[in-house]
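Here the structure is laid out as C-alpha coordinates; the discussion comes afterwards.
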Amino acid sequence: MKQFLLLVLSFMTLSACKTYSENEIKIFDQQIQEYIKKNKLNLDASPSGLYYKEMTKGEGKLIQYGDKVSISYKGKLLNGQAFDYQKKPIEFEVRGLIAGWKEALLSSRKGSELLLIIPPQLGYGDRKLDNIPPNSILYYELKVVDVK
0 MKQFLLLVLS
10 FMTLSACKTY
20 SENEIKIFDQ
30 QIQEYIKKNK
40 LNLDASPSGL
50 YYKEMTKGEG
60 KLIQYGDKVS
70 ISYKGKLLNG
80 QAFDYQKKPI
90 EFEVRGLIAG
100 WKEALLSSRK
110 GSELLLIIPP
120 QLGYGDRKLD
130 NIPPNSILYY
140 ELKVVDVK
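Residue numbers (numbering that gives the first Met the number 0): 0 to 147.
Okay, structure coming up:
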(Lines of atoms letter the chains of each structure in order from A and count residues from 1; the text may use other names and numbers.)
(Lines give C-alpha, C1' and ligand atoms only; values in the text may rest on other atoms or scores of the structure.)
Protein backbone atom coordinates (compact mmCIF):
# COMPACT_ATOMS: atom_id res chain seq x y z
CA MET A 1 0.00 0.00 0.00
CA LYS A 2 2.83 2.38 0.91
CA GLN A 3 4.53 1.75 -2.45
CA PHE A 4 1.27 2.39 -4.29
CA LEU A 5 0.80 5.71 -2.48
CA LEU A 6 4.37 6.76 -3.32
CA LEU A 7 3.79 5.82 -6.95
CA VAL A 8 0.59 7.89 -7.10
CA LEU A 9 2.27 10.89 -5.41
CA SER A 10 5.26 10.64 -7.76
CA PHE A 11 2.98 10.55 -10.79
CA MET A 12 1.02 13.57 -9.53
CA THR A 13 4.22 15.51 -8.96
CA LEU A 14 5.63 14.67 -12.37
CA SER A 15 2.39 15.39 -14.19
CA ALA A 16 1.97 18.73 -12.39
CA CYS A 17 5.24 20.10 -13.79
CA LYS A 18 6.03 21.13 -17.31
CA THR A 19 8.44 18.97 -19.25
CA TYR A 20 11.22 21.17 -20.57
CA SER A 21 12.89 20.79 -23.95
CA GLU A 22 16.63 20.22 -24.19
CA ASN A 23 16.96 23.78 -25.52
CA GLU A 24 15.09 25.28 -22.55
CA ILE A 25 17.26 23.32 -20.11
CA LYS A 26 20.37 24.51 -21.96
CA ILE A 27 19.21 28.15 -21.68
CA PHE A 28 18.60 27.77 -17.92
CA ASP A 29 22.06 26.23 -17.56
CA GLN A 30 23.67 29.12 -19.48
CA GLN A 31 21.91 31.63 -17.20
CA ILE A 32 23.18 29.79 -14.13
CA GLN A 33 26.73 29.62 -15.49
CA GLU A 34 26.69 33.37 -16.24
CA TYR A 35 25.50 34.06 -12.68
CA ILE A 36 28.22 31.83 -11.23
CA LYS A 37 30.91 33.53 -13.30
CA LYS A 38 29.65 37.04 -12.50
CA ASN A 39 29.53 36.29 -8.76
CA LYS A 40 32.79 34.31 -8.75
CA LEU A 41 31.22 31.24 -7.19
CA ASN A 42 32.89 27.85 -7.09
CA LEU A 43 30.06 25.34 -7.44
CA ASP A 44 29.83 21.76 -8.63
CA ALA A 45 27.26 20.73 -11.24
CA SER A 46 25.33 17.49 -11.08
CA PRO A 47 24.07 15.68 -14.19
CA SER A 48 20.52 16.79 -13.30
CA GLY A 49 21.42 20.49 -13.66
CA LEU A 50 21.75 21.28 -9.95
CA TYR A 51 24.66 23.52 -8.96
CA TYR A 52 25.79 23.12 -5.37
CA LYS A 53 28.53 23.50 -2.81
CA GLU A 54 28.74 22.08 0.69
CA MET A 55 30.08 25.13 2.50
CA THR A 56 30.27 23.35 5.87
CA LYS A 57 30.51 19.58 6.15
CA GLY A 58 28.01 17.93 8.42
CA GLU A 59 28.55 14.94 10.68
CA GLY A 60 26.87 11.59 11.17
CA LYS A 61 24.94 9.47 8.70
CA LEU A 62 23.81 10.65 5.30
CA ILE A 63 20.27 12.00 5.13
CA GLN A 64 17.81 9.42 3.80
CA TYR A 65 14.71 9.85 1.63
CA GLY A 66 12.41 8.90 4.53
CA ASP A 67 14.02 11.28 7.06
CA LYS A 68 12.63 14.50 8.47
CA VAL A 69 15.02 17.42 8.44
CA SER A 70 14.99 20.72 10.28
CA ILE A 71 16.40 23.44 8.05
CA SER A 72 16.97 27.16 8.23
CA TYR A 73 17.39 28.81 4.84
CA LYS A 74 17.41 31.86 2.61
CA GLY A 75 15.94 31.80 -0.87
CA LYS A 76 16.27 34.36 -3.62
CA LEU A 77 16.01 34.72 -7.36
CA LEU A 78 19.12 35.32 -9.46
CA ASN A 79 18.19 39.01 -9.73
CA GLY A 80 18.70 39.24 -5.95
CA GLN A 81 15.02 39.42 -5.00
CA ALA A 82 14.51 37.47 -1.76
CA PHE A 83 11.43 35.26 -1.71
CA ASP A 84 11.84 33.40 1.58
CA TYR A 85 13.96 33.56 4.72
CA GLN A 86 13.59 31.14 7.60
CA LYS A 87 16.01 31.94 10.41
CA LYS A 88 14.20 29.56 12.80
CA PRO A 89 14.52 25.98 11.50
CA ILE A 90 11.46 24.41 9.89
CA GLU A 91 10.91 20.64 9.76
CA PHE A 92 10.30 19.00 6.37
CA GLU A 93 9.99 15.44 5.15
CA VAL A 94 12.73 14.96 2.57
CA ARG A 95 10.37 13.07 0.24
CA GLY A 96 8.07 16.12 0.01
CA LEU A 97 10.70 18.65 -1.06
CA ILE A 98 11.48 20.02 -4.50
CA ALA A 99 13.86 17.84 -6.50
CA GLY A 100 16.83 20.21 -6.14
CA TRP A 101 16.62 20.18 -2.34
CA LYS A 102 16.14 16.40 -2.25
CA GLU A 103 19.17 15.78 -4.43
CA ALA A 104 21.41 18.03 -2.33
CA LEU A 105 20.13 16.79 1.02
CA LEU A 106 20.57 13.11 0.14
CA SER A 107 24.33 13.68 -0.02
CA SER A 108 24.41 15.77 3.17
CA ARG A 109 24.42 15.26 6.92
CA LYS A 110 23.26 17.04 10.07
CA GLY A 111 25.18 20.29 10.32
CA SER A 112 25.77 20.65 6.57
CA GLU A 113 25.55 24.13 5.13
CA LEU A 114 24.76 24.20 1.45
CA LEU A 115 24.65 26.71 -1.36
CA LEU A 116 22.32 25.62 -4.17
CA ILE A 117 21.32 27.02 -7.54
CA ILE A 118 18.29 25.15 -8.77
CA PRO A 119 16.99 25.31 -12.35
CA PRO A 120 13.21 25.32 -12.86
CA GLN A 121 13.03 21.64 -13.80
CA LEU A 122 14.32 20.81 -10.28
CA GLY A 123 12.38 23.58 -8.55
CA TYR A 124 8.85 24.84 -9.02
CA GLY A 125 8.78 24.54 -12.81
CA ASP A 126 6.22 26.67 -14.57
CA ARG A 127 4.06 27.14 -11.48
CA LYS A 128 3.62 30.66 -10.16
CA LEU A 129 3.97 31.01 -6.41
CA ASP A 130 3.45 34.14 -4.29
CA ASN A 131 6.98 35.54 -4.69
CA ILE A 132 8.36 33.19 -7.31
CA PRO A 133 7.53 33.69 -10.99
CA PRO A 134 7.10 30.66 -13.29
CA ASN A 135 10.33 29.12 -14.65
CA SER A 136 12.50 30.75 -12.00
CA ILE A 137 16.05 29.73 -11.21
CA LEU A 138 16.36 29.54 -7.43
CA TYR A 139 19.33 30.37 -5.19
CA TYR A 140 19.31 28.86 -1.70
CA GLU A 141 21.55 28.86 1.32
CA LEU A 142 20.52 25.95 3.58
CA LYS A 143 21.63 24.82 7.00
CA VAL A 144 20.65 21.34 8.14
CA VAL A 145 20.00 21.80 11.85
CA ASP A 146 18.63 18.35 12.67
CA VAL A 147 17.79 15.01 11.07
CA LYS A 148 15.24 12.51 12.40
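From the three backbone atoms N, C-alpha and C, an ideal C-beta is built for every residue, glycine too.
Nearest to residue i by CA position, among the options, is which residue?
i: I89; options: K67, K101 and A98; result: K67
i: E102; options: E21, D145, K52 and T18; result: K52
i: N130; options: F91, V146, K75 and G122; result: K75
i: Y64; options: S106, G124 and Q30; result: S106
i: S111; options: T55, S20 and Q32; result: T55
Return yes when the Cβ of residue j is within less than 7 angstroms of the Cβ of residue i, no when it is not.
i: L113; j: L141; result: yes
i: P132; j: G48; result: no
i: R94; j: G59; result: no
i: Y50; j: I116; result: yes
i: I62; j: V146; result: yes
i: G124; j: I97; result: no
i: K57; j: V143; result: The question names Lys, but residue 57 is Gly in the sequence shown. Contact flag set, yes.
i: G139; j: Y34; result: As written in the sequence, residue 139 is Tyr, which differs from the Gly given in the question. Not a contact, by the Cβ cut-off of 7 angstroms.
Between which two residues does the alpha helix (DSSP H) carrying residue i extend?
i: E102; result: A98 to L104
i: E58; result: Where E58 is concerned, there is no enclosing alpha helix (DSSP H), given that its DSSP letter is neither H nor E.
i: D28; result: E21 to K37
Can you give me the C-alpha to C-alpha distance between residue i and residue j, rounded to a whole angstrom?
i: T18; j: A44; result: 21 angstroms
i: K87; j: N134; result: 28 angstroms
i: D28; j: N22; result: 10 angstroms
i: W100; j: E92; result: 11 angstroms
i: D83; j: K127; result: 15 angstroms
i: Q85; j: L104; result: 17 angstroms
i: Q30; j: N41; result: 15 angstroms
i: L4; j: K39; result: At L4, the pLDDT of 32 sits below 50, so the modelled position is not reliable and the matter cannot be decided from this model.
Heavy atom of the ligand FMN less than 6 angstroms from the Cβ of residue i, yes or no?
i: Y34; result: By its list of ligands, the structure shown contains no ligand whatsoever, and the ligand FMN lies outside what it can speak to.
Would you mind reading off the limits of the beta strand (DSSP E) that contains residue i?
i: I89; result: A81 to E92
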